[in-house]
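Please read the structure below before turning to the comments.
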Amino acid sequence: MANPSYVSLGQRLISALEAVLAVIVSSYPYRASAGLLRRAGVTGRTLVIAIPTIWLLLFFLVPFLIVLKISFAETRWLGSPPYTPLFEWVEGQYLQIKLSFGNYLFLLRDSLYVQAFLSSLKVAFISTIFCLLIGYPMAYAIARASPSWRNTLLMLVILPFWTSFLLRVYAWIGLLSNQGVINQVLMSLGITREPIVMLQTDFAMYVGIVYSYLPFMILPLYANLEKHDPSLLEAAVDLGCRPFRAFLSITLPLSRPGIIAGSMLVFIPAVGEFVIPRLLGGTSSLMIGRVLWDEYFANRNWPVASAVAIALLLLLVVPIVIFQRMQARETFGAAR
Amino acid sequence: MSAHPDERDAPWLDPKAQPYVRIENVTKKFGEFVAVNDVSLNIYRGEIFCLLGGSGSGKTTLLRMLAGFEQPTSGRIFIDGVPMEGVPPYERPVNMMFQSYALFPHMTVEQNVAFGLKQEGLPRAEIEERVAEMLSIVKLNGLEKRKPHQLSGGQRQRVALARSLVKRPKLLLLDEPLGALDKKLREHTQFELVNIQERLGVTFIVVTHDQEEAMTLATRIGLMDQGRIVQVGTPYEIYEFPNSRFVAEFIGNVNMFEGRLVEDEPDHVTIDSHDLGGTLYVGHGVSAAPDALVWAAIRPEKMVLSREEPPGQHNKASGIITEIAYMGDISIYIVELDSGKRVRVTQPNTHRHADDRFSWDERVWVSWSDSAAVVVTE
Ligand SMILES: Nc1ncnc2c1ncn2[C@@H]1O[C@H](COP(=O)(O)OP(=O)(O)OP(=O)(O)O)[C@@H](O)[C@H]1O
Ligand SMILES: [Mg+2]
């Protein structure tokens with residue numbers, strides 16, 4: 001049933017990349033340096049692994065270590081940087097290391113932080129559920145659409161990325177405010193007399209988060225659903241299964257990796273989200289991202305802010321790692 | 337090579353027999369393209385009916401219409417006397433074994449096989465019992481807990497077979513069931529299929545484009561070309577009495593001599609063939625106009641090689657051996673006749689020390705009996 005003249009977006013991207021690579025590989029600087037490296041005993045494989053490794057080291061690990069370091073320091077209210085150094089030469093002879101766990105204890109002691117964590121998790125969880133409920137049917141419809149429609153629909157999903165994230169959030173203010181488009185329409189139709197207060201409520205915040213993160217749910221789901229072999233559903237129906245049950249027992253379990261990937265892509269950034277709650281949400285919405293922002297910029301308490309960041313990271317990373325190990329065991333562990 | 341028709345019972349010869357599957361003038365179009373063209377077929381209970389044909393001849397499409405995945409553009413399908421119009425696949429007494437097996441990758445072997453029974457809502461104990469029984473029939477004991485990706489191609493094929501058989505369908509559709517197997521496993525499985533079919537009494541419709549497979553398995557073969565059924569018959573009939581050049585050339589090897597009818601009697605015809613550079617005498621009548629263009633088809637094993645000129649004035653030609661292939665049981669000779677036509681002759685290797693075996697570039701006579709050739713008019 002595959003149409004040979006049809007080239008998917010991904011295939012096009014890959015062939016474009018291949019063309020760029022071919023140009024690079026045939027260029028003189030590449031060949032010259034490749035020759036040098038080969039003589040130095042550096043293989044292509046090492047290089048391929050080295051580039052992302054260096055990237056991650058420079059832009060992820062180093063900043064992480066800096067934040068980690070600050071989180072163990074004490075606040076220095078005056079001075080720059082606004083925290084005490086971790087390592088110090090005492091009398092030019094001893095290296096003195098001063099680790100302070102006070103910031104972490106502070107996080108546990110002050111219920112504000114625990115509450116902010118919990119409410120962030122709740123907001124992220126609810127947003128993820130909504131993204132899934134809205135995104136799954138959309139991804140499914142795109143994957144089942146005819147090839148010519150598929151690209152158009154995918155483009156529509158990706159299109160919002162072409163405009164600034166902030167602009168899109170501001171657009172929701174224009175839609176949801178008391179004088180906004182939605183209220184004006186409702187009032188002119190006579191459905192309500194008074195404007196419905198939507199802006200600065202949890203509702204507006206959820207709308208903003210779900211809207212912004214929906215593509216991150218749709219794309220991995222689509223990538224998964226598109227690969228499904230339609231003959232599996234036919235086989236299920238052939239064995240006496242009604243179409244909806246076939247969806248539940250075949251398509252749904254097979255799309256689990258897509259559901260997990262999409263949910264993580266939504267859940268993880270949503271936990272730390274602070275722009276949308278600030279612009280659309282009410283003052284009562286206490287999100288950890290906002291607390292973090294306030295700690296850094298309003299209170300200028302870098303060590304506590306860093307401790308918040310590290311705690312947030314651990315809270316997210318540990319369950320994910322455990323989960324992934326479980327997944328791996330389930331997939332490969334049954335092999336005998 | 338094939339079972340003689342009277343070795344098995346032949347319901348298709350019995351005018352009172354009710355066909356289990358009746359396909360009436362079924363046509364399937366995809367847009368303007370006609371994939372299945374006015375096909376009519378009767379298939380009887382307990383048959384292994386092989387749909388044979390080249391790539392794109394419409395075999396899968398016909399099968400999918402029987403399973404209910406496609407609707408005929410026109411024409412009707414009856415299964416066990418019930419018209420299948422508007423009957424969804426999950427309500428048809430039919431199961432299909434897919435060309436790609438279509439095993440559920442997230443389920444174990446056991447779960448795959450049990451799937452169809454679960455849909456019927458059978459009690460768990462019965463499901464377990466029937467799954468175990470079916471797995472032992474297809475010899476998959478011990479692999480119950482594996483997932484499809486942990487199986488070999490042959491094992492997967494047997495899971496697919498078990499999954500489609502466990503529901504005890506009246507009709508099993510198999511789309512190139514042995515396509516992915518190597519030759520040895522394929523032959524083994526062919527016999528297993530026949531065994532299972534006889535044990536369970538299921539009607540099989542098997543799609544294949546491997547003519548040897550069709551000859552081995554089938555009670556009857558339906559040969560398809562460009563959406564049409566061109567001939568239906570037992571393997572023996574299809575092989576020995578092809579009704580067209582296409583059929584003769586599709587099944588096995590054949591030497592085809594083009595010529596004109598010169599004598600047209602009820603019990604014999606003679607054909608003047610420029611391909612042969614002589615005349616052919618065929619011991620059966622032909623319904624064709626005198627002087628019509630006809631073809632005489634002769635199977636390689638029905639030809640005889642000799643050094644001396646055979647007696648008689650028909651059915652012989654001399655030429656030079658240009659190629660010899662020793663196959664063990666037989667040898668294949670390619671002989672270039674004086675007319676320029678190359679013919680293929682097979683001879684059994686009855687003696688181990690054949691000092692008088694023919695050699696390259698040897699001049700020989702090719703001859704055959706009056707009953708060897710079949711005349712086709714199209
Ligand atoms: N869904 C479809 N849309 C359009 N054309 C189709 C469709 N399904 C099949 N065809 C066309 O119908 C013709 C017959 O296809 P079919 O799959 O029945 O062939 P087949 O005999 O099974 O071939 P093979 O031996 O290669 O499997 C082919 O030319 C195919 O391109
Ligand atoms: Mg096919």
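Residue numbers (the working numbering), protein chains in the order written: chain A, 1 to 336; chain P, 337 to 714.
Ideal placement from N, C-alpha and C gives every residue a C-beta, glycine not left out.
For clarity, every value in this text was computed on a predicted model and none was experimentally measured.
Per DSSP, reduced to three states, the secondary structure at P:V590 is coil, with no helix or strand assignment. For the 8 Å CB-CB criterion, A:V317 and A:Y113 do not form a contact.
In this structure P:L388 touches P:Q547 by the C-beta definition: roughly 6 Å separates them, less than 8 Å. Restricting attention to beta strand (DSSP E) runs no shorter than 3 residues, the stretch 574-622 of chain P encloses them at 591-600, 605-609 and 614-618, ordered along the chain. At a cut-off of 8 Å between beta carbons, P:S436 contacts chain A. Close to chain A, meaning a Cβ-Cβ distance shorter than 8 Å, are the following residues of the stretch 451-481 of chain P: F451, G452, Q455, E456 and K481. Relative to the Cα of A:I182, the nearest Cα in the group A:S164, A:P52, A:L37 and A:A204 belongs to A:A204. By the Cβ neighbour-count rule, P:R693 is exposed, with fewer than 16 other Cβ atoms within 10 Å of its own. Around the CB of P:R499, 16 or more other CB atoms lie within 10 Å, so the residue is classed as buried. Going down the chain, each residue whose beta-carbon is closer than 7 Å to a heavy atom of ligand 2 shows up: P:K395, P:T396, P:Q435, P:D511, P:E512 and P:V543. At least 8 Å separates the beta-carbon of P:I607 from that of P:A624. A buried status is given to P:M420, since no fewer than 16 other beta-carbon atoms sit within 10 Å of its beta-carbon. Closest in alpha carbon position to P:S393, among P:N591, P:F414, P:L402 and P:K364, is P:K364. At a cut-off of 7 Å, the beta-carbon of P:G392 counts as near ligand 1: some heavy atom of the ligand is closer than that. Within the chosen limit of 7 Å, ligand 1 reaches the beta carbon of P:G389 through at least one heavy atom. The DSSP-derived three-state label of P:G558 is strand.
The beta carbon of P:G558 sits closer than 8 Å to the beta carbons of L377, F385, C386, L387, L388, I565, Q567 and V568 from its chain, once the five residues preceding and following it are set aside; these are given in chain order.
Proximity of A:A141 to chain P, defined by a Cβ-Cβ separation below 8 Å, is not satisfied. Listed along chain A is no residue with a C-beta nearer than 7 Å to that of P:A709; the closest approach is about 44 Å. Assigned with DSSP and collapsed to three states, A:R325 falls in helix. Distance from the CA atom of P:W701 to the CA atom of P:F540, rounded to whole angstroms, is 45 Å. Look at the stretch 252-285 of chain A: the residues with a C-beta under 7 Å from a C-beta of chain P are P253 and L254. For P:H545, the distance from the CB to the nearest heavy atom of ligand 1 is below 7 Å.
If you check the C-beta of P:F582 against ligand 1, you find no heavy atom less than 7 Å away. DSSP places A:L78 in the coil class of the three-state scheme, outside both helix and strand. Here the C-alpha atom of P:R535 lies approximately 12 Å from the C-alpha atom of P:L501. Note that the stretch 455-468 of chain P does not touch the stretch 264-279 of chain A; fewer than 3 beta-carbon pairs, one per stretch, sit closer than 8 Å.
Interface residue (Cβ-Cβ distance to chain P less than 8 Å): A:G240 is classified as such. Inside the stretch 408-479 of chain P, DSSP marks whole beta strand (DSSP E) runs of 3 or more residues at positions 410-415 and 430-433, from first to last along the chain. Close to A:A235, with beta-carbon spacing below 7 Å, are these residues of chain P in chain order: F434 and A438.
It is roughly 38 Å from the alpha-carbon of P:V681 to the alpha-carbon of P:D350. Judged by their CB atoms, P:I634 and P:A708 are nearer to each other than the 8 Å cut-off. Cβ-Cβ distances below 7 Å link A:I70 to Y83, W302, P303 and S306 in the same chain, with the five nearest sequence neighbours on each side left out; the list follows chain order.
Here P:L487 is not near P:R466, since their CB atoms are 8 Å or more apart. Between ligand 1 and P:A438, a heavy atom-to-CB distance of less than 7 Å is absent. For A:L47, no CB of chain P lies under 8 Å from its own CB, so it is not counted at the interface with that chain.
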